[in-house]
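Report on the following structure.
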Amino acid sequence: MPSLTWYINDDNPLFFAGWPAEDAVVVYQSSSGDTHLVNELGAAVLESLQASPATATTLFKRLYPSESLSNVAINKFSNNLLVNFEQLGLIEKTLS
Amino acid sequence: MIVADYSEQALQDLIAGSGLRFEVGPFTVCLQSSLDKLAADIRLMYGAYSVSTQPFADFHVRLDQPFGLRRWFRPQTNFTQDGRTPFKPLPLDQSFAMFEWGLNWCVSSQSHQYLIVHAAVVERGGLALIMPAPPGSGKSTLCAGLVARGWRLLTDELALISLELPGEVIALPRPVSLKNESIEVIRKFAPQQVMGPIAHDTAKGTVAHMAAPRESVQRGGETAASRLLIFPKYTPGSSTQITPRQKAASFMELADQSFNFNILGELGFQALRQVLDNCDCYDLSYSDLDDVIPELEQLIDKSGESAELVGALVNSTAAVDG
Amino acid sequence: MDKQALLLFSLLANPRQMVGLDLQTWDVFIRQARNADLLGRVYELVAEHQLFDDVPLPVRPHLLSARRVARRHSAMVRFELGNLLGILTKLETPIVVLKGAAYVLAGLPAAAGRVFSDIDLMVAKDRLDEAEKLLKVQAWIASANSYDDKYYRKWMHELPPLQHLKRHTLLDLHHAILPQTARLKPNSAELFTAAVPVDGYPNAFVLCPEDMVLHSATHLFQDDEFKHGARDLVDLDSLLRHFAKDEAFWPRLVQRGEVMGLSRPLYYALRFCQRLLATPVPESAMAQAARPARPLAFCMDKLFERALVADHPLCVDRFTGLAKWLLYIRSHYLRMPFHLLLPHLFHKAFISPINARREEKKAENRPTIEGLIAENKAK
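Chains as they are written, first to last, in the numbering used here: chain A, 2 to 97; chain B, 3 to 324; chain C, 8 to 386.
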């Protein structure tokens, strides 16, 4: 069954700046010139996808290896975070 | 040779002719003008600056009256760089201010060998305090106050962040611009400081400039290591309050105040990150210069000590291991 | 002819002359180049001919700065093109990318070191309205005031320039790009037919080499006047040198010029590229292009005067390019301080005269209403 794979385009690499004991991380995308402030989870998602593409399920597992995966949880994760990032132009998706 | 070595007449003739070439921070400026009064203002405000001997100038600027019927009735002044006119003309009595704004424009739009941030930078004990400048922050008044009390002025408007030396700020000492009430505040606070011509009825109200102290000008070739990033807010009646803030949000603010962050791409990002790595970040609320300045001095001196302490620890550990 | 005035051209034509140049001459050269928006190009020439060590230290930051700006422009053009072509995919019609953006898309040497003021695209006339609708939804809206807007649509049968709401990028959407004369067939169709597809963008095309040159030449020499300055001439020179690698290019170019009725601007283009930038134009091409051209219609001196960079009484229009790119650069959280920093007089004075000047320039280029009525009557 085909599923959405999320990835960061090689043409639009992201740069991160974060500091110890702070919960916000700066993310910079030089192709568009956009700079965003994201929380730890957001940064972790983006860094993970920059390392290698993943479906929402895989991503969730990477970030929460010991959590159980309900579809509801995955969907929520997907819609709240990943779709938002897509709208901001930070990540893209492909059907595979 | 410095600009003040010219007599008033000689300077007037030079500016009306082939142009005055002088060093302003890392830049060589060539100024020509047919205006009568400007030479005297330049001699007053830029008297301590070195005259340049080399035939290459970074910015060739001219201030003249524009052609046309306005020569006599409400006369104006025009700023051009190599024939390009970025602004509408201003009333003639705002000529010096126009020179300042014009030079700001030249530097901020054409100097992408630096990351340029709209901020004041002052230095004490080798450490730089950076104060980004969103509107209404009162940073120029604070900057003028600090400088009057002996801090070195690196800049009051255009912070040149090095792209090569991590976290270093390049000096661009120039007149500090003051508006409205600030002019009186600084006159009272520091009557010994040289103040330039007052321009009335500008779009910002009344504007005047405080000349950079001689020592700041002479040390214009020295960089300074960034150490404190402070967001000031003049709050009438408030006591001095210095509250720590997070680096990530401060990064965003600083990027927001950058002229060319976007042009520099990754280079700009890394340069800003290095500044944030170096700096402790604070919000500052104040109303009284006599109150806030000692606190800032304490803050920067302490930060210097802790840096030394860390340095000493690192060295002693190395000595043990090595 | 004033030697200093032609300095810019002679150094562009022969970059090796930069070696051993004294600081005084560099001073004039840099100013002329900056003025013509060609500083980035100078950097490219220095890099191409490995002359960096011959550039005096005080001069280097200026070239470096210009390079950074040009690279940024190039990245922005790519970004915007990707965005625009994506939006227009729904049209399922060919989009021809024109001028500077085309050089970037096609990876032509003319793109190197260049700055861009806007993006030019061409679609079939009957798809124009639909295109505008699709773009509007994505925040590309007409930037002209209402008078100009009507003027563009009614009298010029064109869309006014569109501007992205947040990013301030300017887009010119055309259906026709060559002057309409009585003897030309519908020339847009010709351009579309000959257009070349672009790798990686299924709906994007660029003009074929001959048409690219002819378009550029026409842009430069409309109405026998040299309108656009050194930069466009440099573009043309770059295009000619690149396409000339194919021997068959020259005869094709001349032929195409005749077919499209554009021999005169082509002749001027070849002539002035050769004279000012030493473009190697074969004798045969020059002779053939000259045949249909009206002789001695222009004054050489007037042309050279226009071509001069430093001493020309420069209109604010030259600065318009700079102003546009300053508006061009954007980000979600990062806006040009010029917009943000309201207390600062210099930026407030900065925005309005530029817009006004841009409109003024447009007004100068417009045909008069009487002229259009007379033209219509004649038909």
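All residues carry an ideal CB built from backbone N, CA and C; glycine is no exception.
Contacting residues, own chain, Cβ-Cβ under 8 Å from residue i (five flanking each side not counted)
i, result
"C/Ala138", "Leu95, Leu98, Val130, Leu180"
"B/Gly239", "Ser289"
"C/Leu15", "Phe36, Gln39, Ala40, Ala43, Leu45, Ala237, Val316, Ala317"
"C/Ala292", "Trp257, Pro258, Leu260, Val261, Leu277"
"C/Gly27", "Asp61"
"A/Gly90", "Asn13, Gln30, Ser33, Asp35"
"B/Gly128", "Ala226, Ala227, Gly306"
Distance between residue j and residue i (C-alpha atoms, nearest Å)
i, j, result
"B/Thr87", "A/Ala74", "59 Å"
"C/Val213", "B/His120", "41 Å"
"C/Trp33", "B/Arg154", "34 Å"
"C/Tyr208", "C/Leu92", "8 Å"
"B/Gly138", "B/Ala6", "35 Å"
"B/Leu105", "B/Phe58", "17 Å"
"B/Leu301", "B/Gln14", "45 Å"
"B/Thr55", "B/Ile4", "11 Å"
"C/Val144", "C/Lys106", "26 Å"
"B/Arg23", "B/Phe101", "14 Å"
"C/Asp218", "A/Leu83", "45 Å"
"B/Lys141", "B/Pro134", "8 Å"
"A/Ile9", "A/Ala44", "13 Å"
"B/Cys281", "C/Arg134", "55 Å"
"C/Glu55", "A/Val26", "40 Å"
"C/Gly328", "C/Asp125", "For C/Gly328, the predicted model reports a pLDDT of 34, less than 50, meaning its position is unreliable; a value from the coordinates is still stated below. Straight-line Cα distance between these residues: approximately 9 Å."
"B/Leu16", "B/Asp38", "12 Å"
"C/Lys140", "C/Phe199", "22 Å"
"B/Arg221", "B/Leu167", "18 Å"
With 16 other Cβ atoms within 10 Å as the buried cut-off, status of residue i
i, result
"C/Ile148", "exposed"
"A/Gln30", "buried"
"B/Gly223", "exposed"
"A/Thr95", "exposed"
"B/Met254", "buried"
"B/Gln96", "buried"
"C/Pro116", "exposed"
"A/Gln88", "exposed"
"B/Phe69", "exposed"
"C/Lys173", "exposed"
"C/Thr225", "buried"
Backbone secondary structure at residue i - three-state DSSP
i, result
"B/Ser308", "helix"
"B/Pro77", "coil"
"B/Ser35", "strand"
"C/Arg263", "helix"
"A/Asn13", "coil"
"B/Met197", "strand"
"A/Ala55", "strand"
"B/Ser218", "helix"
"C/Trp250", "The sequence shown places Phe at residue 250 of chain C, not Trp. Reduced to three states, the DSSP call for C/Phe250 is helix."
"C/His182", "coil"
"A/Gly43", "helix"
Sequence-distant residues of its chain with Cβ nearer than 7 Å to residue i (five each side left out)
i, result
"C/Val111", "Ser81, Val84, Arg85, Ala118"
"C/Tyr50", "Leu70, Ala73, Arg74, Gly120"
"B/Glu297", "Thr242, Ile244"
"C/Ala211", "Leu92, Ile102, Val104, Leu112, Val205"
"A/Asp24", "Asn40, Glu41"
"C/Asp244", "Cys280, Leu284, Thr286"
"A/Leu38", "Ala25, Val27"
Beta-carbon neighbours of residue i, restricted to chain A and to distances below 7 Å
i, result
"B/Arg275", "Ala18"
"B/Gln78", "In chain order: nothing, as chain A lies at least about 37 Å away."
Proximal residues of chain A, C-beta to C-beta of residue i below 8 Å
i, result
"C/Phe86", "Ser32, Ser33"
"C/Ala82", "Ser31, Ser32"
"B/Met197", "Under the 8 Å cutoff, chain A gives no residues; its nearest Cβ is about 39 Å from B/Met197."
Residues that residue i contacts on chain A, provided the C-beta gap is smaller than 9 Å
i, result
"B/Glu125", "Within 9 Å Cβ-Cβ: nothing; B/Glu125 doesn't reach chain A, min ~24 Å."
Cross-chain neighbours of residue i in chain B, by beta carbon under 8 Å
i, result
"C/Gln31", "Pro57, Phe58"
"C/Ser72", "Gln112, Ser113, His114, Gln115"
Cut-off 6 Å between Cβ atoms - residues of its own chain near residue i, not counting five sequence neighbours on either side
i, result
"B/Asp60", "Phe29, Thr30"
"B/Tyr2", "Here chain B covers residues 3 to 324 and nothing more, so residue 2 of chain B does not appear."
"B/Ala273", "Leu117, Ile163, Leu165"
Residue i: contacting residues in chain B (beta-carbon distance under 9 Å)
i, result
"A/Val26", "Ala250"
7 Å Cβ cut-off: residues of chain B touching residue i
i, result
"A/Glu48", "Within 7 Å Cβ-Cβ: nothing; A/Glu48 doesn't reach chain B, min ~15 Å."
Compile a chain-ordered list of the residues in the segment 131–165 of chain B whose CB is closer than 8 Å to at least one CB of chain E. No chain E appears in the structure shown, which is made up of the protein chains A, B and C.
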